[in-house]
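Here's the structure we're looking at; comments come further down.
Listed below in structure tokens is the structure:
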């Protein structure tokens, strides 16, 4: 083996430029693959930094009618905690914000309301002090707080447990500090007990998240199976229709990123495959040039497997060198991915190049090396000894192998290119269609009023006064408030019923996004009112605005204006009259059409935490100091949070699609380039070997055009077979891509036609240079060689 | 109008390599009449193959005049030269030069394809040519499946299929054993007897004697000419 290794190095040194190109090509492809894998490993493979993380699960409310999953309401959570089988413990949590005003400029603090047993479920021990005691997990308990490690150091300055922290004007006693590992669930500054806020009796509004730990010895699959059996019983006991399902915590936290990451890994894997096919072709050409050497070695007694080993060692050396260099490139690529990681996906704080990534890089490099060397090794091992000792023998079968590699390469390039074109088309269409509101020249600022300081009427009055002051600012065209800016993250939904229609049965319940907005909201967002009107100023009766999707779904062929909707499935609960229909606005994701939506008038609800939306004449951020000043005029201790332009909101919402479109485009461009190089290499090599044949053809009367056509046709024929195979494969795999697309079918014929044309043109261009060279073959010279 | 099919006057061929000027042919005067069989002899490096290449329009003379069928061909553009080769010249090479990926019939058909001949006529001509050289039974075989003698017979069929004005043979027996060599020479004799014009380069005086006329080259010049020019 050592001798093979020495000989391999000598052979590679013999053609340093070819070796360098091979190593660099592999380094780039392996580097890109390893970079993506490092993100996959960090997000999907590396266990959560909590004790026994594989035992941690999440229970989700499942609405079979609409195939939706979300967190539970408090009554549901209590049912599950009492009745769900196989759980050692289950806790609930919910994120809110506090205002911290005792230390300089007002601050917004993210707090996590946690139920009894939360820290125990996670298996954490306090860094300082203690966690909550059972008597602190009761309604109206004394306000106590556990600080996160970062908040404790950064803001509280390492305050001793027992100290007081005033949040929302309420003095909380710091009882302990939780290690940073708790932020795996969600990044929070402080933890307070959830039960202090009880009772919460509304079963239909879903506002909690859960985390639980399986009993020892219970497998995940068994727990899922047991819960599936128990879920209808639990629902029936509560006379409810929603079921419950169980997913591993890691999947729940990072699962959203899995399809994107796996698609990117598959795409970069295709690039690696194309690069490997390219190099296999180079190795095959080299092996063809060494036929006589192999024949001599076999004549001297070398066995077929021995020769194959020698070739495999040579390609493995190239691949491992490429892999080592690729690992260095991955360090840089990994940082690029971390920078480009969309904030709307589960957080990817770090992607260490740990043993998993190292092992992946090593195995893939070695596998690539073996793959590259396989065909030449087989040829060397099986070659005809007698023919090998003759000049120019055996070229035909290797020609077929090279042709097969070009077909494979073209097919892989088509597969990647069609995916990239579909995603790009989809992305472009998504941006062209937009969110449904105008994102330019607008700003959104979250104003979380502390409920402890502001009662319902005070909140309404605060926002009325704020809107009046902000609207009067020079450069402000309109202002409004809303519970959540569309596409800004988060969702509040629930069912509704039409007053005057029979009550809905379980299977026909209707659900809608629910948003609370002020009278000026639609103008501030520039959401057109397509029928009726927006909210009236100081409307005396309860009135609502619905979107077009709800009008289409619930009132087909009817005029909804003047009709009444009730919250929940039974009319009589907060009935409100529809006064207008607003144009549809994307709610959660830019690539998902709007679902039914109901807007409630803010002054009739009195929410404490609202987004202020300001439409401006010029740069919206330039008005931020003035807006903050108006808020401070009303309450100097009131902080603001989530300051964003609406363009940033839309940008954030399109982040995953943008990342996918950018990376797929880059991969597809690399694939196209590699395919072009591969086709060029094979055609050029073939022309070089066929100079005499071309000379003969010219002697027989072939014109330059005949030769050009012949070489182009042969280059194109192989590519076209590859294009056909690639399109067939792409169509077969189309459904895997469907969930990433918007407004374009995964089997869009125009896309495939364009891709076929693009690859054919690439193949023609790649074949053109060698074809032109072929036309310059001098028959007198090529035939004189005999 | 002259009765010469080929007329060469003061043909010169100079190769320039780096700063060295090599005179491959000097002051060549040659006439070949229709139906004549001319044999070109000479030692290695005497310019035989260069002369044949110029005769076959594979190469161009540096100077001099070359009339083929009374038409000047020296300054034809590449496409014009390809046209003349295809219509008026048939080549027979020492190493056969059949194309390994084409069948015997396809090899014979190749020059007719370049001529743009309709398929039916091509097929007819291929059949006739193969029959003429006794290789009809091997039409679907690949060249690699044939012996050297058989391959050269196919090469002769390819050369005559287009019914050229002149056949150029460069050492047609050079890669064959004596038995196969004699078979090929017999074939060439038959072609000559049926009216074909042949120019053949050979080392073998015995084969050269089959020709009606022989010219000997030495250092790029015609140093001896024997035999009778036929009308």
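Protein chains in written order, with our numbering: chain A, 1 to 786; chain B, 1001 to 1231.
All C-beta atoms, glycine included, are put in the ideal place defined by N, C-alpha and C.
The structure presented is a predicted model; accordingly, all values stated were derived computationally and were not measured.
Return helix, strand or coil for residue 585 of chain A, following the three-state DSSP convention.
coil
Residue 780 of chain A touches chain B at which residues, Cβ-Cβ below 7 angstroms?
1053, 1058, 1059
Do we get a CB-CB distance below 8 angstroms when we pair residue 397 of chain A with the residues of chain B?
Because the pLDDT at residue 397 of chain A is just 46, under 50, the model does not fix this residue reliably, and the point stays unresolved.
Establish whether the CB of residue 710 of chain A and some CB of chain B are separated by less than 8 angstroms.
no
Looking at the secondary structure, which residues open and close the alpha helix (DSSP H) in which residue 440 of chain A lies?
It is not in any alpha helix (DSSP H) - residue 440 of chain A carries neither H nor E in the DSSP assignment.
What are the start and end residues of the alpha helix (DSSP H) that includes residue 621 of chain A?
That residue, residue 621 of chain A, is in no alpha helix (DSSP H); it is neither H nor E in DSSP.
Examine the Cβ distances between the stretch 715-724 of chain A and the stretch 1119-1133 of chain B and report whether three or more of them are shorter than 8 angstroms.
no
Alpha carbon of residue 270 of chain A to alpha carbon of residue 669 of chain A, nearest angstrom
12 angstroms
Are residue 143 of chain A and residue 178 of chain A touching if we call contact CB-CB under 8 angstroms?
no
C-beta contact flag for residue 173 of chain A and residue 443 of chain A at 8 angstroms:
no
Give the straight-line distance between the Cα atoms of residue 696 of chain A and residue 1077 of chain B, rounded to the nearest whole angstrom.
19 angstroms
Nearest-angstrom Cα distance between residue 1013 of chain B and residue 1174 of chain B?
25 angstroms
Residue 9 of chain A in three-state terms, based on DSSP:
helix
Hey, quick one: how far does the alpha helix (DSSP H) through residue 306 of chain A stretch, first residue to last?
304-340
Residue-chain proximity (residue 394 of chain A, chain B), Cβ-Cβ < 8 angstroms
Any reading at residue 394 of chain A must be qualified, since the residue scores a pLDDT of 39, below 50, and its modelled position is unreliable; the value itself is stated next. Taking Cβ atoms only, chain B never reaches closer than 8 angstroms to residue 394 of chain A, which makes this a no.
Integer Cβ distance of residue 692 of chain A from residue 772 of chain A, believed to fall under 8 angstroms:
Residue 692 of chain A to residue 772 of chain A, Cβ: 18 angstroms. No contact.
Compare the C-beta of residue 698 of chain A against all C-beta atoms of chain B and say whether one is closer than 8 angstroms.
yes
In chain A, what lies closer than 7 angstroms to residue 1046 of chain B by C-beta?
Neighbours of residue 1046 of chain B on chain A: none; closest Cβ ~14 angstroms, over 7 angstroms.
Compute the Euclidean distance between the alpha carbons of residue 441 of chain A and residue 525 of chain A, then round it to the nearest angstrom.
10 angstroms
Tell me the rounded alpha-carbon separation between residue 1092 of chain B and residue 1143 of chain B.
15 angstroms
Could you check whether the stretch 553-570 of chain A touches the stretch 408-423 of chain A, counting it as contact only if at least three pairs of C-beta atoms, one from each stretch, sit closer than 8 angstroms?
no
For residue 224 of chain A and residue 265 of chain A, I'd like the C-alpha separation in whole angstroms.
29 angstroms
Work out the CA separation of residue 619 of chain A and residue 221 of chain A for me, nearest whole Å.
54 angstroms
Provide the residue(s) that pair with residue 1091 of chain B in DSSP beta bridges, ordered along the chain.
B:1168
Determine, for residue 693 of chain A, whether the minimum Cβ-Cβ distance to residues of chain B falls below 8 angstroms.
yes
Curious, which full-length beta strand (DSSP E) runs of at least 3 residues does the stretch 51-76 of chain A contain?
56-63, 68-70
In this structure, does DSSP put residue 1085 of chain B in helix, strand or coil?
helix
Which one of A:473, A:678, A:25 has the shortest CA to CA distance from residue 325 of chain A?
A:25
Which residues in the same chain as residue 446 of chain A place their Cβ atom closer than 6 angstroms to its Cβ, once the five residues preceding and following it in sequence are excluded?
611, 641, 642
Give the DSSP-derived three-state secondary structure of residue 1066 of chain B in the structure shown.
strand
When the Cα atoms are used, what is the spatial distance from residue 1212 of chain B to residue 1038 of chain B?
6 angstroms
Around the C-beta of residue 586 of chain A, are 16 or more other C-beta atoms found within 10 angstroms, so that it is buried, or is it exposed?
buried
CA-to-CA distance, residue 1146 of chain B to residue 402 of chain A, given in whole angstroms:
26 angstroms
Under a CB-based cut-off of 8 angstroms, is residue 715 of chain A close to chain B?
no
Kindly indicate which residue of A:133, A:746, A:534, A:739 has the alpha-carbon position closest to the one of residue 727 of chain A.
A:746
On the DSSP bridge assignment, give the partners of residue 493 of chain A in chain order.
A:513
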